[in-house]
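2 protein chains.
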Amino acid sequence: MIQLFSIFNTMSLDVGAHLRAVRQMYGLSQRELAKRAGVTNGLISLIEQNRVSPSVSSLKKVLDGVPMALADFFTLDLALQPQVFFPKEELAQIGTGRVDLRLVGSGLAKRGMSILHELYEPGADTGEEMLTHGGEEGGVVVRGRIDLTVGGETRTLNAGDAYYFRSTLPHRFRNSSRESCEIVSASAPPTF
Amino acid sequence: MIQLFSIFNTMSLDVGAHLRAVRQMYGLSQRELAKRAGVTNGLISLIEQNRVSPSVSSLKKVLDGVPMALADFFTLDLALQPQVFFPKEELAQIGTGRVDLRLVGSGLAKRGMSILHELYEPGADTGEEMLTHGGEEGGVVVRGRIDLTVGGETRTLNAGDAYYFRSTLPHRFRNSSRESCEIVSASAPPTF
DNA sequence: CGACAATGATAAGAAAAATTGACACTTTCC
DNA sequence: GGAAAGTGTCAATTTTTCTTATCATTGTCG
């Protein structure tokens with residue numbers, strides 16, 4: 007009796023789709039993974055189509071080729087995969103006034119750093135009171151010109167110039183030019 | 007070809023022993039679990055002996071009978087199972103002087119309360135300065151007699167008597183009798 | 001274009017898992 | 001004691017998984 011395996015047999019765990027997702031996540035072809043795992047590509051094809059329910063030992067062998075532990079395989083929630091690509095519209099706008107700050111990945115649960123896309127309009131200024139906070143930060147001027155003061159020393163950075171300093175040092179960004187200035191920066195640990 | 011399944015095929019995951027442990031943890035017989043899971047007892051026997059490596063769908067069915075999720079099954083670390091039985095010798099001695107305190111489960115990672123086996127020698131006294139700490143505590147006098155002062159009121163408790171109060175109330179234990187007194191107490195959140 | 005390599009899918013047979021229906025053993029209960 | 005119902009195991013059979021070998025499709029390179 008030929009019977010197609012209902013996806014719902016495994017109740018809310020689609021092993022096939024799951025394996026396929028994992029495999030593609032690692033950029034492997036069925037054959038490539040098969041070779042590493044010591045199984046045949048056919049098996050992987052069948053598993054991914056949910057036409058068989060692999061034995062635990064088979065699944066183990068396959069995952070060893072990735073490599074990935076069984077526990078991780080069953081624990082991994084594909085829906086919870088951290089987002090990788092962030093369309094412009096999805097960047098969280100956190101700036102005020104003439105300084106426009108857009109945070110990359112504001113929705114991520116845990117971030118090791120804050121990456122910002124910053125836009126300083128002509129005259130924009132982070133304020134005479136210097137900024138100080140923990141960690142380190144750095145960035146690159148993408149467009150325009152900016153006056154950056156760090157620890158008493160001021161420099162004018164042009165497009166292509168970059169900076170990196172410990173955030174405990176008092177610092178200030180000011181756009182004294184007549185065109186807007188665009189910067190991409192990062193700070194760790196995350197400020198926002 | 008008859009071949010016994012090496013436990014090491016599944017590399018550090020002994021599915022059979024694991025299933026058996028889970029089943030016994032829930033107090034189920036092979037047949038009982040089989041009936042709930044909609045499989046045969048034979049299968050469970052074979053799986054537990056590692057004479058077959060169950061298909062994921064089979065294992066899923068079996069675990070549904072427990073019930074337990076696949077992810078939990080593979081994640082569960084049997085070694086980390088909290089200890090249930092504590093031989094007398096394993097109780098941590100934390101008392102001083104004439105008061106002997108022995109803590110149940112001092113090795114447990116997380117405890118919701120402290121359970122103590124207390125022994126007050128004749129004349130033993132927790133001190134004139136009243137004890138105060140957070141949470142609640144209670145206990146039963148198992149042997150002997152003890153004078154317990156709580157919130158200004160003093161009572162003499164004999165074997166079989168018990169107490170329960172909020173630990174914020176100042177309290178004091180004193181054994182004014184000529185025989186030692188034995189108490190089993192509990193406090194939550196754990197003091198020790 | 002045409003040869004070539006790589007991809008995923010598939011039918012049929014080999015191998016392993018799962019069921020059936022026993023068996024031996026222990027516990028419970030009258 | 002002895003029936004009755006419980007336990008886990010096991011050989012034989014059925015069912016499913018897995019391999020082998022092939023196919024169709026796609027993309028690459030000369």
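Chains as they are written, first to last, in the numbering used here: chain A, 7 to 198; chain B, 7 to 198. Just so it is clear, CB atoms sit at the ideal spot from N, CA and C, and this is done for glycine as well.
Length of the line joining the Cα atoms of residue i and residue j
{"i": "B/G144", "j": "B/T162", "result": "15 Å"}
{"i": "B/L39", "j": "B/N181", "result": "53 Å"}
{"i": "B/R149", "j": "B/L109", "result": "18 Å"}
{"i": "A/E135", "j": "A/A165", "result": "For A/E135, the predicted model reports a pLDDT of 46, less than 50, meaning its position is unreliable; a value from the coordinates is still stated below. The alpha-carbon atoms of A/E135 and A/A165 are separated by roughly 25 Å."}
{"i": "A/V190", "j": "A/G33", "result": "30 Å"}
{"i": "A/G22", "j": "A/M74", "result": "15 Å"}
{"i": "A/P60", "j": "B/K41", "result": "23 Å"}
{"i": "B/L107", "j": "B/P128", "result": "15 Å"}
{"i": "B/R184", "j": "B/Y170", "result": "25 Å"}
{"i": "A/C187", "j": "A/F179", "result": "11 Å"}
{"i": "B/A192", "j": "A/A27", "result": "50 Å"}
{"i": "B/T81", "j": "B/V72", "result": "16 Å"}
{"i": "B/Q55", "j": "B/T132", "result": "55 Å"}
{"i": "A/T160", "j": "A/G103", "result": "23 Å"}
{"i": "B/A168", "j": "B/T46", "result": "51 Å"}
{"i": "B/D70", "j": "A/L69", "result": "23 Å"}
{"i": "B/R57", "j": "A/R57", "result": "24 Å"}
{"i": "A/M156", "j": "B/H177", "result": "Checking the displayed sequence, the identity of residue 156 of chain A turns out to be Val instead of Met. Computed Cα separation, rounded: 59 Å."}
Test item: CB-CB of residue i and residue j under 8 Å
{"i": "A/I152", "j": "A/Y126", "result": "yes"}
{"i": "A/Q30", "j": "A/I50", "result": "no"}
{"i": "B/K67", "j": "B/G44", "result": "yes"}
{"i": "A/V146", "j": "A/A130", "result": "no"}
{"i": "A/V62", "j": "B/L52", "result": "no"}
{"i": "A/L154", "j": "B/L76", "result": "no"}
Range of the contiguous beta strand (DSSP E) that encloses residue i
{"i": "A/V68", "result": "Where A/V68 is concerned, there is no enclosing beta strand (DSSP E), although the alpha helix (DSSP H) it sits in stretches over V62 to D70."}
{"i": "B/T132", "result": "Run containing B/T132: none; DSSP gives neither H nor E here."}
{"i": "A/V21", "result": "Here A/V21 belongs to no beta strand (DSSP E); instead the alpha helix (DSSP H) covers V21 to M31."}
{"i": "B/T155", "result": "R151 to V156"}
{"i": "B/R184", "result": "Element bounds for B/R184: n/a, residue is neither H nor E."}
Whole-angstrom C-beta distance between residue j and residue i, which should lie under 8 Å
{"i": "A/H24", "j": "A/F79", "result": "7 Å"}
Residue i - containing alpha helix (DSSP H), residue span
{"i": "B/R104", "result": "No alpha helix (DSSP H) contains B/R104, which DSSP labels as neither H nor E."}
{"i": "A/R57", "result": "First-last for A/R57: undefined, no H or E at that position."}
{"i": "B/R42", "result": "Q36 to A43"}
{"i": "A/L76", "result": "L76 to T81"}
Residue i Cβ short of 7 Å to the ligand NAP heavy atom set
{"i": "A/V62", "result": "Among the components modelled here there is no ligand, and therefore nothing to report on the ligand NAP."}
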